[in-house]
Structures are given as C-alpha cells and as structure tokens.
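Here's the structure, in structure tokens; my notes come after.
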Amino acid sequence: MASVHESLYFNPMMTNGVVHANVFGIKDWVSPYKISVLALLYEMTSSKITLPERRRLNKLILPLQQGPDLSLGQFLKTVEECCPKTAYAVKLRLHEMADGELKDMEYFFSTLPTPFTAFDSEAYKTSVVGLFMRHMLLAYNKLSFSQVYKLYKSLQHYYHSHYAKPTDGQVCVPTLAADDSDMDLTSTEDTVGDRADKEELDTPLHESELRCDNTPSRGPLSQKQAEYFLSRQAYLLKNDENKALRPAALQEELNNMLKFNPDFAEAHYLNYLNSMRVQDIFLSAHSLLHYFDRLILSSNEGKSNGDEGYGRSLRYAALNLASLHCRFGHYQQADLALQEAIRIAQESNDHVCLQHCLSWLYTLEHMKGSESTVLTQDSVKMAAHFCLPYLGSLDIQSLVQQGAMQGKAAHKLMDALKDTEILHWKHSLSELIEISLAQTTSIWRMYGKSTMALQQAQLLLNMSSLEPVNFGVHQNNTEAFAVALCHLAELHAEQGLYSATAEIFQHLKEQFPPHTQHSKLWMLCNLKIQFERHMNNRKYHLAEPLVKAMSALNKTEGLYRKAQVLKALNRSTEAYSILQQLQVHCEKTKCTEIIIRVMLSTAELHWESSSFSTALPLLLQALALARQHHLQSLASEGVLHLAFTQLMLGIPGQALTVLHEAMEPILAHGAVIDKGRAMLLAARCHMAVAGFRLKEQGHLGQHSAALAVDGLNEAESYFSRLSCKERLRDVHYLQAQLHRSLGQTAQSNKSAMNFRLLDQELQSPAPPVFMQL
Amino acid sequence: MFSYHCLPCIQEDAQDLDAFTLAKSYFDLKEYDRAAYFLKGCCSQKAYFLYMYSRYLSGEKKKDDETVDSLGPLEKGQVRNEALRELRVELSKKHTARELDGFTLYLYGVVLRKLDLLKEAVEVFVEAIQALPLHWGAWLELSNLITNIEMLKSLSLPDCWIKDFFMAHMYTELQMIKEALQKYQNLIEAGFSKSTYIISQIAVAYHNIRDIDQALALFNELREHDPYRIDNMDTFSNLLYVKSMKPELSYLAHNLVEIDKYRVETCCVIGNYYSLRSQHEKAALYFQRALKLNPRCLGAWTLMGHEYMEMKNTSAAIQAYRHAIEVNKRDYRAWYGLGQTYEILKMPFYCLYYYRKAHQLRPNDSRMLVALGESYEKLSQQVEAKKCYWRAYSVGDVEKMALLKLAKLHEQLNESDDAAQCYMLYIQDIFSCGEQLEHAEVSTALRYLGQYYFKSKLYDEASICAQRCCDYNDAREEGKALLRQISQVRDQVETPSADLFTPLSNINTPVRRVSPLNLISFTP
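So the sequence lines, in the order shown, correspond to chains U and S.
With the first sequence counted from 1, adding 408 to any position gets you this note's numbering.
With the second sequence counted from 1, adding 15 to any position gets you this note's numbering.
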C-alpha cells in the first residue's frame, strides 16, 4: 500500500531518466503577473500619455520585467503612482479578461502589437519591450490546451484575490474560512505554525520592499528572474556585503530556489559564497562541489568540443577547492588541491588556467610565510605572454608590495605602479585601480610621507565606481577601501583630530560589520590609535587591556605593544626579553618596520639604566636600516633618539646639529606629538648649549636662551593641541625654570602657576623630566 | 454488546451495497471522481472510507497530471493536492467526534503525512493500528515516519502478533540486522516457516550485511516456493552479479521478463544482466526504463551511474550519482561512485571529499577506507594512507587488499619490520579465507619475507619462505636464488657453533607477533 503513495511522485521533467532544467528550452513563462505587465505595455503603446508620466512609466518597465512577480495590488499601486490613468486602463483590461471568458484572454494576446509590424513604437522587435513581448507571445503560443486553461484560471484567481482582500475574506473564499475555523479544533503547535505561514504568504509584500529590490521574493522565480537575482546578490557579496541579503535570509531564498529547480547550478555557487561569509567550511565545500558536479553536466551538453568544456570545469573545480581551503587556512589541503589543478591544467595545455594556478601558488606561498618573489616574477612574464592583464598586474602589485618591504628603490616601485595603472585604465579593471590606490597610500605612509598618503586615500575614496552595472553601490566594501579608510583614520589621529577619527571608525563599522572578512583591519587600527593615545597621556592602566585585544588580531603587533607597556611600567627585564624575542622573529620574517621600532625601544631601555653610550650603536643601526628602506618617519624618530642620547652624554651642540636634520621632515610630515617632542628636545638642547643648569642662576647665552624659549612655546602649543597634560606639565616646569634664570619673574610665575595647576589636576608624581624623550 | 454495535453496521452495509459495488467498480477503473460521486449519500463505514479514499486518490492523480501541464519548470514545486485540506478538515471533525474506524483513521494519517504534519500523523497511525491491528498498510506508513530506535520504543503499539513483523521490519530499516534476524527466526519458529515474505526479508537482511552465500541460498529457496515473485528480485540479481553467476542471472532475467516486463525490478535485473555481460549501453537503457517507471527508485540511479562509469562517460555518471544523492542523501554507494569517477579523472584530492562522505555513512566498510587510503597514497600523504589501510584491515577487509597495500607502503618507506609484519598477516589472511582470490599476491609477500628474514639472518624462516616462493611461477627463480644464497651463508656460518646462533638471532630480531613457522599450518 505504501508503495502506491510513493510511486505517485512522478517527475514529468524527466526524459530518458534524466531531469532537464528547461524541458522546452524556454526561459520565460507566462504568468498572470506577466499578463498584467503586458497589459501595461499595451496601454503605454496605444494610448496617449503626457511626457512626465511616460518618463516615469518608462523608468518602471525594467524593474517590473526583471523583478519577481508582484501581487496585483502592489502592481497597480506602483503604476498608479506614475500614471493613474494608465493604471485604471490596465485594471479595466484585466477586469475584462478575468470576468469574461477564456476567449477574452485569447483575444488580448491576439491584439498585442506584433513586434515585427510595429516599427515606430517602443515595441519594435529589438527594443527591451519588444523582446519581452516576443518572449511572452512565444511562450503563450507554446502552451497546450490545458495549460492555457490553467493560465486563465490562475489569472482569474490573481485578479479576484486582489479584490477579495479589502472586503471580508470569509465571504469570498469560503473554503479558506471554513478551514481556518476548523483548524482550531486540533490546535497543536504544527497547525498554528502552518497557519501563520499561510497568513504570511498571503499578506501582500510591503510597498517598501519593492523599492529596494533585494528583499526576499516569495514564490518561484522564472529562470530570468532567478538569474538576475543571483547575479545581483553575487555582485553585492563581492562589492558591498551590507547591501546583500543577510546570510540566513539568502540561504533561505536559495533553498527555496533549489527546491523549485534543483538543477540551477549557479544557486549552489552562490550558496558557497554565502557559506563562506559565515565561515561555514562544511556547507561551503559541499555547495562548491555540488556546483561543479552540476557544471560538468551542463558544459558537456552545450559545447561542441565537448571534452574541452568539461575538462575545463574540472580544472577550475580543483582550483576553486584550493582557494576554499586557502581561505579557511588549510594550507596543506590547499596545496594538494592546487597541485592537482596544476597537473590537470598541464596535461591539457591550458595556459590560462595554469596562470591562475601560478598566482594562487604565489598567494599560498606568501600566506605560508615563505619567499616567493621568483615565482611572482615568473608569473608576470607568463601573464604578459598570454595577455592576461588582470593577473599580470595583480602579480606586479604583489611584487611591489614585496619590494617595498625589502627596501627596493622607491622610484622603481612607483614606476611599476604607474605602468600597471595605465594598463588598468586601458582595460578598465576598476578593482585593480582601487587596490593600486590603496597600495600607494600604504607605501607613502610607510615612507612617512603623510601628505602624499592623505592625498592618495582621498583620491580613492572620492573615485566613483567604474563598474558597468552597479546596483546603487557607491562605495564598495572591498579590502582596498578598508585599507584606505584605516590609513585616513590613523592620519587624522596623528594630527589629534580624534572626533574625525571616531567618525571614520563609525563609518567603517557600518561598512564592514565585525563578522565580515575585512573587519579585522579597522579593529586593529582602532586599537592602535587608542593605545597610542593612552600611552602618550601616560595612562598605562588603560593601555594594558588593549594589548590583549591586539594580540588576538595580530600577534607581532601585540607583542611589541606589550613590550612598550612593560617598559613604561618599569618592568624592564620582561620588556627586554620580549623585545629580544620579537627581534629574532622579525628578522626571520623580514619585517623591517618592527625591527627598527624594536631597536629604538631597546635603546630606550638602555637609557633607563643610564647606559647611554651602549644605546648609541643600536640607534645608529636602526637609523641606517630606516634610511636604507626609505622609512622617513622612523629615521626621524631614530634621529630624535640619537640627539637625546647625545644630549644626555653632554654634547648638546652635536645633538643640535643632528636634530636639525630631522626637524624638517618631522614638521612637514610628522604627527603632532612628534613635533612637540622634537621642539621640546631642541629647546632643551638650546638650554644646555646656553649653559643652563637647574636650580642655578647664572649668565646664559642670550641667543640660545631665546631659541629655547621659542621652542618651549611651540612645544606647548603642540602638546596642548593634543591635550597631553603630562608633557605640558614638563614644558611648564622647564619654562618656569628658564624664565627664572633669565630673570623674567612674571613669566616665570605664570608658568609656575600653570605647572602647579596641572600638577594638582594630575595628582601623580612627575617622572624625572630629563630621563624622557 | 458487540453484536448490538455490529447490527446497524450490517444493515447500513446492506443499504449501501448497490452504490458501494458500483463505486468500487469505478474505483477499480481508476475513475475516482465518479466513484466518489455515487458514494456521496452513503452512511456505512465501508462506503465512507471508499468515498474519502477515492477523493484522496483523485486529488493525487490530478496533482500528477497538473505537474505535466505546469506553467513553468519553476512552478512544479508548488503543485499540490488541493483535496488534502478539505479531506483533513472533514476527517479531523469526525476524528474528534470519534467516528472514524481503522481504515478511515489510516486515511487520515496518510492525509496528515502528505500535509507534512508528521507528529500528528504518527499519533493517528498509532490510533489506526490500535483500532485495526491487522491492517499492514498502517504499519508500513508508520514505519516511514520512524527515524530512530528511541522513537520506536516510545510508541505504544498493541500487542498483536503482527507487531513482531513490524518490529523486524523496523530493525531492518534501522540497520539493526542482528535483532531483525532474531525476530524473523522467532516468527519462523512460531509457525510462519512457509511465509515467503519472511524468507525474502531475511534474505534482504543478509544482503545488507553482505553475507552473500546465505542470502543467495535463501533467494533460491524463495524462488522455489514462489516462482512468479518479482518483489525483491532486484536484490537477488545484485547478489548474482556480485558473485558473477552469469547463467543464473540470465535465467532469472528471462524468467522475470516472461512474468512482467514492465516492472522496476525486472528492469533492474535486466540491467544487471547486461552489465555482467559488459553490454553497458543496454544496461544503462534498462536502468533508465526502471527510472521511468519509478523515478524514486534509488538503486537504479546508482546502478546507472556505475554503467556510465563503465562506459567511461564520466559526466553522465556524475549526473546519475548526483540524482541518487538527491533522492537519498545517505546513499553511500552514490558518494562512493562519485569518488571513483573523480579518481578515474585523476583527481585524487578532489575525490577525497566524496570518499570521506561515503566513509562517514559506512564507517565500518573497508572498501571506502581502502579507497581513501589509495587517494592519500597518491597524494603522498603516507601517514594518513597507513591509518586508512590499517583501519580497513581492522574492520574486516572484504577484498583483502588493505594489508597488501599497507605492506607495500611500508616497503616504500623502508620500514621493513612493519612491512614484514603486514605481509605475514596478509599471507595468513589469504590462506585462512580458504578460497583462491584472483588478485592474491602471495608470491610478492613471500618473496619480500624471504629477503627480510635473510637480511635479519633468520635463515630457517627465510628458507621456508623461499621454498614457498618456488610454488609460484612468477617468484620461482627468485626463490631458488634465495635458497642458494642461504645455503652459501650457512656454509660459512656453520663453522662457529650453529646452535648458539639461532636463539641469539631470535632475541635480536625486532618484534614479531607471529612466528614465521606458523606458515606451515596455512599451506594451501
């Protein structure tokens, strides 16, 4: 008996035991909604409409054709907003059909303007409207008798359900009403849920949902609509994830689509992308493989050179699997998959695929942390040979990145970037243009040229998207944008514009919510800025908890910051061991910036034990390294350190000459705090040159003393801009002393009062002034 | 008391007899609407059931017809039996008024199940069974809804003899073959020894645990008792296929075609028959025919996939396997088949995923493990490969290949002790199973063992192995050469005390779980 029920599951889409997606090779099907659209188009072509109304209607055509089926109420409302007259005419026409007989519908189809005859109207055969009409006519003509009857029935239902709604449902749909009342008899959970579902289905979609088209569409989509939906979602996933459907909603939508059409392979691919978003390795692998299993089928049918098409998808299947594993950090697995892809590609002499593989191989090697310059250079050559501009310039970009890290000559890097830029614009590879701009920003920042970096970042952010179709996306949420915005935030923070920084982070948070792929970038950046701020204000207890968060995002950075906190808290031994460890690690990974920073920090540790002379070789080494890699900001930092050491060693004159070298770049490009520090140091050097001693009144060199006063005043202005009270207090103290030695009592008293006020406010004993840079 | 209730029933039956008989004839002719129309006014329980059942089937039939005429491929998921809701409303009214008998309760359950109200359906089926325990259809419907053993235990079922049948059926479904066999045995002892149903079920159970000989014997018995039987014959043909029994399979196929050639089972048997004769196109054709008769026939999809594999039409094979998976995600053969397909396409990493899936579904099946091991070996992941092979051996290797492969792997990695041990186990395994296997590579194992013992200076064992080598054509020369070498070395060594040497070397040799002398007991 049971088998009776099972065997009734019959799938008519099957021929020869094989299910076909498009039985009749038609992608579009006539539905009641489509008939309404046809009626609208018919009205538009036949009747006279005023120009502004026509414009509004014209704008409406494409969304109506491509979007999912709407209910009659929604449809009429949208049309009414544009042109009430036409809406009424459409309603009338539908009424004629629905309340008439089958022949009325047939008559409607026969009166439609044939695209082949209407030469001067919108319905000409090559226009969008004409194409749609032709599709519909063809689809209608192919319907069998019973299908036509069914279409008519559903049209009636479609029309009447619209009018049944405003009145009481019980009158018009008696079966439904009876159903509802009876359902209460067995009021179990399932029934309630069931009914709720139904109600949800029956309620018309909100009008607002029509506006932003990425709302879940219920019910089946036609092939075209589904394709449009998929391509749109895929585009949004790539460029602006926030605008795409939520992962759960998208999943539901895809499941729905696959239920109606299990052979829709692309849906599996989108499923894969969606699962990647939520880091679901299981489902994403499953969907990816499913997609390629399906693809192998379809490509085999279509291609005349059958074997080729199908081998090709095999290669890309393996390649995609490799990229999947790479994304999830399974490098060994990725390597194996990649080798497989390479082998198959080699066997079939597919150079394009091989080229892709090579790029991935480079990425993989890079992620594993090994040297891969040679590989990349090969890759560039191959790409040039096979005319693959995208891959070629992507490789060049990674080469530039490596070159920058290794301290290659800056002009060469910039030249390379410029050349690729030309290529990008020629082929309008907008994605690469963005990356290129972000990369230039980063390089300028690394070199310590903040103005240039600022300019490049602004350039990228103000650039409008070059994509041919952008679904209302003004700013993509690609990695490039995240990087540029982070740099912008840091640059603002450096200038003490913290409210602007906060705004940028607010934007970043919206654009790249915490669960997304690139969110780590801004999180780390935000933490760094906060950390720096607390450190400058000497609020170490606030900085300390940030270290842990930083180590979670980036281990090296976290370790470095930890050393800094420890150093500030006078736990020198621990700090020293961490710094040593870090130096070894960074020398291995060739992370020059951190190496220099570590050296400077170690030198500072040496100061604390008053062994200034031992700090000198370290500082010189750091300086040489910074100069070699063109890291200007770090070089100036090194110079500052060097000058301070010399000051401490009692050769202020020498220190001043060294300092002069760094003063210019610091004032031009440095952060406000650095400017303040430099000015303070210069003032102190001048004071030392002038023969100033603490608590000792004597004759001072007038010229140097004047310079020192100026320097201190300038430093004061910088520090007050940052509201860096600890440092201000030091400045006031020095000012008071200096003025007193110069015999300017009034000014001295004023500074002393300022010092006193700050000291009271801070309530912490001041560290020895002269031990700090 | 009982008769009091029965009496009006009989009266009503008599009243409705004409209408009922007419309707029943229409029903038999599959004119369901017509049957329902003439039954409308009837009040007997029987007539009421037929009335409702006709309406149900009419709805189902229309649904199927509708699907063909759907207005688009994407609409097909939406087609549903419109009669179901009305039926549910009516039946639930009567149900609360307790006016339903066993059959109508069963129908109510079916309707609920079709509406995906599974929880309620189970309750109603249990009620139906309690009202009418001897209606097997209700039991079967219930069995479709039970997903695990806990659920089965929680149901309160009437203590009727038929419950044992049901339990046995459920055990088979839930892959608890041992319990199922025990149940069936009890039933046979209780007096059902001649039931063909039970015999067939036992045979299927044996088939599931791959006890091929037992299953074959039972099927042969079954065919003697019930020569025109078609049910379960596809399983029988699978067994014959596995055993490569061509004449028997051919006889079965011809016989079934004579009985009824338009049955799914018949088509499957013929497909298997052609497949065994290596006429794979025809085999695929017959599997396709089986699928036309019943698209939800899982086995046919998988078998068709196998045929396409044989025809080297990998893409069609992938398609067939994918369909099989769509019908039932837990079909391990389809996953395994997909893995094999990609293996043929030389994508060892890619096929790993599929083999893993298959292995997940059948954790104790050595074939998947061996396949996994082979893939890992191709990817030069020897550690994983070794694990797979060893596990395959541990769960009982069907094809007896795992140990040999493991030994070869050890040999490649120069782990001679492990290799020797594996070869030893392999030889034991081969000889203990008694029959000669085609692919057996005993000579390879012996050759290696001979060399191994020779190197570790166990000359007695080495010479035994060498002698055994001489039994095989391909290893004869090497065996002889080894013997000569041994005698040479012995001549040299004999001068010092030979007695001392043997025990000493025994201590020196690495761990050996089995004494090499055990070989003698396994002489073929």
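We put the CB at the ideal spot given by N, CA and C, even for glycine.
Quick caveat: nothing in here was measured; it's all calculated off a predicted structure.
Buried or exposed for residue i, please, with buried defined as at least 16 other CB atoms from any protein chain shown within 10 angstroms of its CB.
i	result
U:Arg969	buried
U:Thr1010	buried
U:Glu918	exposed
U:Ser775	Per the sequence shown, the amino acid found at residue 775 of chain U is Met instead of Ser. By the 10 Å Cβ count, U:Met775 comes out exposed.
U:Met452	buried
U:Asp803	buried
U:Val579	Legend: pLDDT at U:Val579 = 36, less than 50; position of this residue unreliable, no value from coordinates given.
S:Ala434	buried
S:Arg113	exposed
U:His614	Here the model assigns U:His614 a pLDDT of 34, short of 50, so the residue's position is not dependable and the matter cannot be decided.
U:Ser553	Per the sequence presented here, residue 553 of chain U reads as Phe, with Ser not at that position. Exposed, because fewer than 16 other Cβ atoms sit within 10 Å of the Cβ of U:Phe553.
U:Thr784	buried
U:His1077	buried
S:Met248	buried
U:Met541	buried
S:Asp31	buried
S:Ile359	exposed
U:Phe794	exposed
U:Phe690	exposed
So which residues of chain U does residue i contact, with C-beta pairs closer than 7 Å?
i	result
S:Ile203	Near S:Ile203 there are no residues of chain U at all, since even the closest Cβ is about 24 Å away, more than 7 Å.
For residue i, return the contacting residues in chain S, with the cut-off set at a CB-CB distance below 9 Å.
i	result
U:Ile750	In chain order: nothing, as chain S lies at least about 11 Å away.
U:Ala506	In chain order: nothing, as chain S lies at least about 17 Å away.
Tell me the DSSP secondary structure of residue i in three-state form.
i	result
U:Ser1041	helix
U:His926	coil
U:Ala1098	coil
S:Val504	helix
S:Ala112	coil
S:Leu167	helix
U:Pro797	helix
U:Glu755	helix
S:Tyr487	coil
U:Lys456	coil
U:Asp803	helix
Can you name the residues of chain S whose CB is closer than 7 Å to the CB of residue i?
i	result
U:Met701	According to the sequence as given, residue 701 of chain U is Asp; it is not Met. By Cβ distance, chain S contributes Ile333, Arg337.
U:Ala745	Phe364
How would you list, in chain order, the residues of chain U whose beta-carbon sits under 9 Å from the beta-carbon of residue i?
i	result
S:Tyr368	Ala693, His694, Leu697, Leu729
S:Leu360	Gly719, Leu722, Ile752
S:Leu394	Leu744, Gln747, Glu748
Using 8 Å as the limit for Cβ to Cβ distance, is residue i near chain S?
i	result
U:Ala675	no
U:Ala726	yes
Spell out whether any CB of chain U is found under 8 Å from the CB atom of residue i.
i	result
S:Leu32	no
S:Gly92	Residue placement at S:Gly92 is poorly supported in this model, since its pLDDT is 49, which falls under 50; the coordinates still yield a value, given next. Yes, S:Gly92 lies at the interface with chain U (some Cβ there is under 8 Å from its Cβ).
S:Phe64	no
S:Ser520	Residue placement at S:Ser520 is flagged as unreliable, the pLDDT there being 42, under the threshold of 50; a coordinate-derived value is accordingly withheld.
What I want to know is whether the C-beta of residue i ends up closer than 7 Å to one or more non-hydrogen atoms of the ligand NAP.
i	result
S:Glu280	With respect to the ligand NAP, the structure offers nothing, as it holds no ligand at all.
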